[in-house]
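Colleague:
Residue numbers (this note's numbering): 36 to 740.
Okay, here's the thing in structure tokens:
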């Protein structure tokens, strides 16, 4: 026998009170002999003996009453014994871990795995009694850390019935940790965890997140697992979609790389993969896959509009629908605001001509200012900042803030730049500084030429008419600053002296394009070459293009929303309607409050796959894509021995029962349950003893009269 409230047992000391009272009443009396009463001695002997016996009986009864009352409040429980009939089992706290991830959408002869799990929960709830507590943890809702128990089984059943397949993935270990925390707060004797899942491989635990739960999941905890897998599942998944094109221009084709994997154990032939842009099928391709094979397909589609563009790749339906689509969003600017800062206005002449001659469906809005005005300019209004020169700048805080927020800078020496002041600006921006000035201005003797050109860089996209014949007429460089990337950036064009003519650096969320020579004829004849205009223009387009690689998220993960140029106190986020099929998208409003001075805000409500749109009023300011975790596409499953090994790793010290989905859970749980509380019996005995004590005391009082 064990006690659920052992602290109450200190009350047993109260049983000594009747004994102390009895002892205090045993006073020694002085004997006085009366001859006239002597004949009564024999008569009273038997009566006095009976009175003393009743007094001892009353003492025992009163001690027992206190003992049984205190013991009842200590809630005695028989461990390992379930008493039937009118007895009540010890109170129970049961935590149900329901796997509602996409792998549980598989349907076998008994229905979907999720619906089978719901039916099992309904059966288990029939075992619950008044006062029992239950809680629900969904593996497809990993962000819900506020798990509360309830004794209202009707409301709980409705909560279970409302559960749907989630686009969010989750690890079973995280759910078990949550369950352990719930049980640690419970005072009930019976503590149970019901794990209802398909035990999908890879979704059990992260090796780095497993911790010792032995103190919480002790020998008073029972874990029941239900495995609903067993069917051979046919599933093909789209694991990824990426834009292979990095310079986005209206009316020009974009290349998309789509990764498709066959997760089943049978081959698939001529699977059609379709690409949709703004809801219209724009390209498609068929593919054949062996079991377990992955292939990357390249689909090309023109984009006819500017602004934010939605797209997705899609395959035919199979047994897991959530991975049959993969979403992507990207941005094609209609207008590209560019600002050019120079020490000498004449230094930007050829750059101006190159940008004005750009033949594109997009408009370059060019503003020019003296470099001394840089720190008084709101740089966030411009997609690209061009700096030609270095003399008139000494404070780089504003420029670094612009870069850290995702700004793009094209940096060139000016005609008045020296190795020292140009080195100051490169040092201020955290990129390698030039080491020495090479050559002489206007000296055409022994010029330096191009050595290597990275034709795979996006700035060379569509520059050459034939991909097979990439030929660059090298300019003659008379004077330049010798720059090395020092492993901190990418070398796009190098010179024969080993220096970098054009290099690219990433700083914060932004980029820097660095030329090592000024765009003036005294430094080189580069402005006169055919390459100059398209290279400058492509560099601006490349720098202005938004990097969409960070705009693809796994469902459930947080996203950072760019608040640059935003002065509104509220954001409106339009969530995708897919997969619910609702004609109207859901909307989420974010009150920024005091966060308007921040460049980014974290948004966590990304539980549905699709494209999300961020609005300030009616203006669309950002867009991002949310997709399913490819790990949910796997059709392999853990064995029982692997799960038991996991329980050893977390030091599970309770009792574990694996219940087959074809077995009767009620019967097995009833046989396994332990602990019947006896407090009602002890209280009843105390009441009966009190009645007996009253009767004995009344009888003893009559005899004393």
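C-beta: ideal position from N, C-alpha, C; glycine also.
None of the values given here were measured: they were computed from a predicted structure.
Quick one, which of 570, 146, 192 has its alpha-carbon nearest residue 538's?
Modeller: Walking along the chain shown from the start, residue 538 turns up at place 503. Selected option, being the one with the closest Cα: 570.
Colleague: Tell me which residues share the same chain as residue 726 and place their Cβ nearer than 6 Å to its Cβ, disregarding the 5 neighbours each side in the sequence.
Modeller: Looking up residue 726 in the chain shown gives position 691. Cβ within range, chain order: n/a, list empty.
Colleague: Is it the case that the Cβ atoms of residue 424 and residue 459 are separated by a distance below 9 Å?
Modeller: For the purposes of this step, residue 424 is taken as the residue at position 389 of the chain shown. For the purposes of this step, residue 459 is taken as the residue at position 424 of the chain shown. Not in contact: residue 424 and residue 459 (Cβ atoms no closer than 9 Å).
Colleague: Is the beta carbon of residue 105 less than 9 Å from the beta carbon of residue 44?
Modeller: Here residue 105 refers to the residue found at position 70 when the chain shown is read from its first residue. Here residue 44 refers to the residue found at position 9 when the chain shown is read from its first residue. It is a contact, given that the beta carbons lie within the stated cut-off.
Colleague: Hey, would you say residue 175 sits closer than 9 Å to residue 205, going by beta carbons?
Modeller: Translated into the one-based positions of the chain shown, residue 175 becomes position 140. Translated into the one-based positions of the chain shown, residue 205 becomes position 170. It is a contact, given that the beta carbons lie within the stated cut-off.
Colleague: Between which two residues does the alpha helix (DSSP H) containing residue 384 stretch?
Modeller: Looking up residue 384 in the chain shown gives position 349. Residues 384-391.
Colleague: What are the start and end residues of the beta strand (DSSP E) that includes residue 343?
Modeller: Residue 343 sits at position 308 when you count from the first residue of the chain shown. Start and end: 342-349.
Colleague: Between the alpha carbons of residue 517 and residue 450, how many angstroms are there, rounded?
Modeller: Taking the first residue of the chain shown as 1, we reach residue 517 at position 482. Taking the first residue of the chain shown as 1, we reach residue 450 at position 415. Taking the straight line from one Cα to the other gives about 16 Å.
Colleague: Give the DSSP-derived three-state secondary structure of residue 122 in the structure shown.
Modeller: On the chain shown, position 87 is the one that residue 122 refers to. Bear in mind that a pLDDT of 41 at residue 122, under 50, signals an unreliable position, so the model cannot answer this.
Colleague: Can you pull the DSSP bridge partners for residue 623?
Modeller: Residue 623 sits at position 588 when you count from the first residue of the chain shown. Its beta-bridge partners are 608.
Colleague: So residue 717 and residue 107 are in contact, right, with Cβ under 8 Å, and what is the actual spacing, rounded?
Modeller: Residue mapping note: residue 717 aligns to position 682 of the chain shown, counting from 1. Residue mapping note: residue 107 aligns to position 72 of the chain shown, counting from 1. About 4 Å separates the two Cβ atoms, so the contact holds.
Colleague: Going by C-alpha to C-alpha distance, which of 513, 519, 490 sits closest to residue 506?
Modeller: One-based indexing of the chain shown puts residue 506 at position 471. Nearest C-alpha to residue 506: 490.
Colleague: Counting only runs of 4+ residues fully inside the segment 394-478, write out the alpha helix (DSSP H) ranges in chain order.
Modeller: The qualifying runs are 432-439, 454-463.
Colleague: List the endpoints of the continuous beta strand (DSSP E) containing residue 491.
Modeller: Numbered from 1 along the chain shown, position 456 holds the residue referred to as residue 491. Unbroken run through residue 491: none, as it is neither H nor E.
Colleague: Which of the three DSSP states, helix, strand or coil, is assigned to residue 272?
Modeller: Here residue 272 refers to the residue found at position 237 of the chain shown. Looking at residue 272 - three-state DSSP - the assignment turns out to be strand.
Colleague: DSSP three-state call for residue 208: helix, strand or coil?
Modeller: One-based indexing of the chain shown puts residue 208 at position 173. In this structure, residue 208 counts as helix in the three-state DSSP scheme.
Colleague: Any chance you could list the alpha helix (DSSP H) runs of at least 4 consecutive residues sitting entirely within the segment 165-241, in chain order?
Modeller: Counting whole runs of 4 or more residues, the segment 165-241 contains the alpha helix (DSSP H) stretches 188-196, 207-219.
Colleague: Would you decide whether residue 351 is buried or exposed? Buried here means 16 or more other CB atoms lie within 10 Å of its CB.
Modeller: Along the chain shown, read from residue 1 onward, the residue named residue 351 stands at position 316. It is exposed - the Cβ of residue 351 has fewer than 16 other Cβ atoms within 10 Å.
Colleague: What residue range does the beta strand (DSSP E) around residue 693 cover?
Modeller: On the chain shown, position 658 is the one that residue 693 refers to. 690-695 is the span of the beta strand (DSSP E), which, as asked, contains residue 693.
Colleague: In three-state terms, what does DSSP make of residue 162?
Modeller: Here residue 162 refers to the residue found at position 127 when the chain shown is read from its first residue. Coil, per DSSP.
Colleague: Please go through the same chain and pick out, in chain order, the residues whose beta-carbon is closer than 6 Å to the beta-carbon of residue 438, but skip the five residues on each side of it.
Modeller: The residue labelled residue 438 in the question sits at position 403 within the chain shown. 542, 543, 545, listed in sequence order.
Colleague: Could you tell me whether the segment 203-220 touches the segment 239-257, where touching means 3 or more Cβ pairs closer than 8 Å?
Modeller: Verdict: yes, contact present.
Colleague: Excluding five sequence neighbours on each side, which residues of the same chain lie with their C-beta closer than 7 Å to the C-beta of residue 592?
Modeller: To locate residue 592, count along the chain shown from 1; it is residue 557. Result list for residue 592: 641, in chain order.
Colleague: Starting from the Cα of residue 41, find the closest Cα among 623, 224, 562 and give me that residue.
Modeller: Within the chain shown, the letter at position 6 stands for residue 41. Considering only alpha carbons, the answer is 224.
Colleague: So, for residue 354: in the same chain, excluding its five sequence neighbours on each side, which residues have a beta-carbon less than 6 Å away from its beta-carbon?
Modeller: Taking the first residue of the chain shown as 1, we reach residue 354 at position 319. Correct list, in chain order: 141, 268, 269, 270.
Colleague: Just mark residue 201 as buried or exposed, buried being the case when its beta carbon has 16 or more other beta carbons within 10 Å.
Modeller: As a first step, residue 201 must be located in the chain shown, where it is residue number 166. Label assigned to residue 201: buried.
Colleague: Within the same chain, show all residues whose beta-carbon is closer than 7 Å to that of residue 577, passing over the 5 residues directly before and after it, in chain order.
Modeller: The residue you call residue 577 lines up with position 542 of the chain shown. Correct list, in chain order: 281, 282, 493, 494.
Colleague: Hey, would you say residue 359 sits closer than 9 Å to residue 273, going by beta carbons?
Modeller: Stepping through the chain shown from its first residue, residue 359 is reached at position 324. Stepping through the chain shown from its first residue, residue 273 is reached at position 238. Contact: yes.
Colleague: From which residue to which residue does the beta strand (DSSP E) around residue 579 run?
Modeller: Taking the first residue of the chain shown as 1, we reach residue 579 at position 544. No beta strand (DSSP E) holds residue 579; the alpha helix (DSSP H) holding it covers 567-579.
Colleague: How many angstroms separate the CA atom of residue 445 from the CA atom of residue 305?
Modeller: In the chain shown, the residue the question calls residue 445 occupies position 410. In the chain shown, the residue the question calls residue 305 occupies position 270. Cα to Cα, the separation comes out at about 47 Å.
Colleague: Taking C-alpha atoms, which residue in 314, 261, 88 lies nearest to residue 155?
Modeller: The residue you call residue 155 lines up with position 120 of the chain shown. The shortest C-alpha separation from residue 155 is found at 261.
Colleague: Rounded to whole angstroms, what is the Cα-Cα separation between residue 303 and residue 310?
Modeller: For the purposes of this step, residue 303 is taken as residue 268 along the chain shown, with counting starting at 1. For the purposes of this step, residue 310 is taken as residue 275 along the chain shown, with counting starting at 1. C-alpha separation (whole angstroms): 19 Å.
Colleague: From what residue to what residue does the alpha helix (DSSP H) around residue 681 run?
Modeller: If you number the chain shown from 1, residue 681 lands on position 646. Element bounds for residue 681: 675-684.
Colleague: Taking just the CA atoms, how far does residue 54 sit from residue 89?
Modeller: Along the chain shown, read from residue 1 onward, the residue named residue 89 stands at position 54. Along the chain shown, read from residue 1 onward, the residue named residue 54 stands at position 19. Approximately 14 Å between the Cα atoms of the pair.
Colleague: Using a Cβ-Cβ cutoff of less than 7 Å, which residues in the same chain neighbour residue 482 once the five nearest sequence positions on both sides are dropped?
Modeller: Position 447 of the chain shown, counted from the start, is the residue given in the question as residue 482. Within the same chain, residue 482 has close Cβ partners 511, 512, 513.
Colleague: Let me know if residue 153 comes out buried or exposed under the rule of 16 or more other beta-carbons within 10 Å of its beta-carbon.
Modeller: One-based indexing of the chain shown puts residue 153 at position 118. Buried.
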